[in-house]
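In the order they appear, the protein sequences are chains A and B.
Mapping to the working numbering: the first sequence position 41 is 41, numbers consecutive.
Mapping to the working numbering: the second sequence position 35 is 142, numbers consecutive.
Note that CB positions come from ideal geometry on N, CA and C, so glycine has one too.
Below: the structure, in structure tokens.
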Amino acid sequence: MAMLIFTVFGSFWLEIFLRVGVLRQLKRLSLTIAPIALVFVVWDAYAISRHHWFFDPKQILGVHGPFHIPLEEYLFFIIVPIAAIMTLEAVRTRRPNWIIGDEEANA
Amino acid sequence: MSYTSLALIAVAASAILDLGALRTRLLLRKAFWTSYAIILPFQLLTNWWLTSRFIVSYNPHDIVGRRLAAAPLEDLLFGFSLILGTLSIWVYLGRKGFTPKKTR
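Here it is, written out as structure tokens:
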């Protein structure tokens, strides 16, 4: 949980100070996260069931969602994509001439 | 399948998504690699935190065993595919018009 809070503080200031506007694009954000989170949750469920990785019960909240996946993992697959998008959008604000690939839609 | 094979498949899948399926071509763009260079140290730091304190542990039979900042090498591939997949879909949707007019 501490790791997730760190990630939120480490990236979400970009929303305020660089005005990346990621959280204001809720529909685009949800449509991006949904398929990504789905794939990675399936991967996580498989990995947990095959004991590829496991969590220390004393160091997690102990709340589990479907497929024995800890709550923190579900939050991870939402927060980390948002942090990545904010980083890309922050780079865009600092380097407006660099092509990202969606510029024609805004022209 | 081991974590190693799944991680390699994930990187290939995200590259195919970016270069082929969605044609966002982030792998060819400076903006993507700069973003990745910013994210990577944070990934290494948080990964190190989670693995060195054994919040998350890995079955030694399912990883190649080489580690970087306490975390298995496979985590780098996991993170890379998560980031590339996310950004590719984000940019694809942006191209499809899911962008607010007033912010730019």
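Cβ neighbour criterion (16 or more within 10 Å) applied to M1 of chain A: As a first step, residue 1 of chain A is located in the first sequence; it is residue number 1 there, counting from the start. It counts as exposed.
Per-residue contacts from W13 of chain A into chain B (C-beta, under 7 Å): Residue 13 of chain A sits at position 13 when you count from the first residue of the first sequence. Those do not exist, as W13 of chain A stays about 13 Å from chain B at its closest Cβ, beyond 7 Å.
Closer than 8 Å to chain B by CB, P57 of chain A: Taking the first sequence and counting its residues from 1, one reaches residue 57 of chain A at position 57. Judged by the 8 Å Cβ criterion, P57 of chain A is not in contact with chain B.
Nearest-angstrom Cα separation, counted from Y165 of chain B out to Y199 of chain B: Residue mapping note: residue 199 of chain B aligns to position 92 of the second sequence, counting from 1. Residue mapping note: residue 165 of chain B aligns to position 58 of the second sequence, counting from 1. Straight-line measurement puts the Cα of Y165 of chain B at about 34 Å from the Cα of Y199 of chain B.
C-alpha gap between W140 of chain B and L134 of chain B, whole angstroms: Here residue 140 of chain B is taken as the residue at index 33 of the second sequence, counted from 1. Here residue 134 of chain B is taken as the residue at index 27 of the second sequence, counted from 1. The alpha-carbon atoms of W140 of chain B and L134 of chain B are separated by roughly 7 Å.
Whole beta strand (DSSP E) elements within the stretch 46-84 of chain A, 3-residue minimum: Runs of the beta strand (DSSP E) inside the stretch 46-84 of chain A: 53-55.
For W197 of chain B and I85 of chain A, the rounded distance between their alpha carbons: Mapped onto the first sequence, residue 85 of chain A falls at position 85. Mapped onto the second sequence, residue 197 of chain B falls at position 90. So the two alpha carbons sit approximately 8 Å from each other.
Between the CA atoms of S109 of chain B and T87 of chain A - distance to the nearest angstrom: Numbered from 1 along the first sequence, position 87 holds the residue referred to as residue 87 of chain A. Numbered from 1 along the second sequence, position 2 holds the residue referred to as residue 109 of chain B. T87 of chain A and S109 of chain B have their alpha carbons spaced roughly 31 Å apart.
Residue-chain proximity (D44 of chain A, chain B), Cβ-Cβ < 8 Å: Working through the first sequence from its first residue, we reach residue 44 of chain A at position 44. For D44 of chain A, the nearest beta carbon of chain B is not closer than 8 Å to its own beta carbon.
Chain A contact residues for R136 of chain B, given Cβ-Cβ distances below 8 Å: As a position in the second sequence, residue 136 of chain B is number 29, starting the count at 1. By Cβ distance, chain A contributes W98, I99, I100, G101.
Three-state class that DSSP yields for S195 of chain B in the structure shown: Counting from one through the second sequence, the residue named residue 195 of chain B turns up at place 88. S195 of chain B falls in the helix class under three-state DSSP.
Cβ distance (whole Å) where D44 of chain A is taken to contact E73 of chain A below 8 Å: For the purposes of this step, residue 44 of chain A is identified with residue 44 of the first sequence, where counting begins at 1. For the purposes of this step, residue 73 of chain A is identified with residue 73 of the first sequence, where counting begins at 1. Right, the Cβ-Cβ distance comes to about 6 Å (below 8 Å), so this counts as a contact.
Neighbour list for F67 of chain A in chain B, Cβ cutoff strictly below 9 Å: Taking the first sequence and counting its residues from 1, the one referred to as residue 67 of chain A is at position 67. Within 9 Å Cβ-Cβ: nothing; F67 of chain A doesn't reach chain B, min ~16 Å.
Counterpart residues of S164 of chain B in DSSP-defined beta bridges: For this step, residue 164 of chain B is matched to residue 57 along the second sequence. Answer by DSSP bridge pairing, in chain order: A:F54.
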